[in-house]
Amino acid sequence: MNNNEKKQENALKKIGKTVDKLDKYLNELSETDSKHEIKLWFAQKKATHEIKRLLSEVNHYENYEEKELEKLSETDYYQQLTPDDINYITSYFYTY
Numbered sequence: 001m002n003n004n005e006k007k008q009e010n011a012l013k014k015i016g017k018t019v020d021k022l023d024k025y026l027n028e029l030s031e032t033d034s035k036h037e038i039k040l041w042f043a044q045k046k047a048t049h050e051i052k053r054l055l056s057e058v059n060h061y062e063n064y065e066e067k068e069l070e071k072l073s074e075t076d077y078y079q080q081l082t083p084d085d086i087n088y089i090t091s092y093f094y095t096y
């Protein structure tokens with residue numbers, strides 16, 4: 001197995017872990033939480049961003065923008081999250 005194949009295999013494993021984490025987080029997210037929809041939205045955005053980053057690393061996605069998550073901070077939805085929510089969700093999906 002050459003280096004590129006190893007990178008691709010590693011990226012696929014990390015993508016699988018990211019999707020598993022998203023599923024787990026969504027299942028644990030309490031629907032009674034007043035910010036349920038906002039946390040759901042941010043978790044999906046963060047997981048999608050992480051998958052795009054991983055695909056970009058193995059040259060299978062060309063439109064990855066590293067600053068994409070920073071642009072989210074300008075949205076009204078994002079403004080409703082607490083810093084603790086943001087830090088928790090961000091670290092939850094971190095796969096470096």
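Quick note on numbering: the sequence shown equals residues 1 to 96 in the UniProt record's numbering. Ideal placement from N, C-alpha and C gives every residue a C-beta, glycine not left out.
Nearest-angstrom Cα separation, counted from residue j out to residue i
| i | j | result |
| --- | --- | --- |
| His60 | Tyr94 | 20 Å |
| Gln8 | Leu55 | 8 Å |
| Asp33 | Ala11 | 33 Å |
| Lys66 | Thr48 | Per the sequence shown, residue 66 should be read as Glu rather than Lys. Going from the Cα of Glu66 to the Cα of Thr48 covers about 12 Å. |
| Tyr25 | Asn87 | 14 Å |
| Asn3 | Ile89 | 32 Å |
| Glu70 | Pro83 | 14 Å |
Under 8 Å between C-beta atoms of residue i and residue j
| i | j | result |
| --- | --- | --- |
| Tyr64 | Lys45 | no |
| Glu57 | Thr18 | no |
| His21 | Tyr92 | Note that residue 21 is Lys in the sequence shown, not His. Yes; because the gap between Cβ atoms is below 8 Å, this pair is in contact. |
Coil, strand or helix - residue i by DSSP
| i | result |
| --- | --- |
| Leu55 | helix |
| Asn87 | helix |
| Lys45 | helix |
**Item:** Any 3 or more C-beta pairs closer than 8 Å across the region 37-47 and the region 64-83
**Value:** yes
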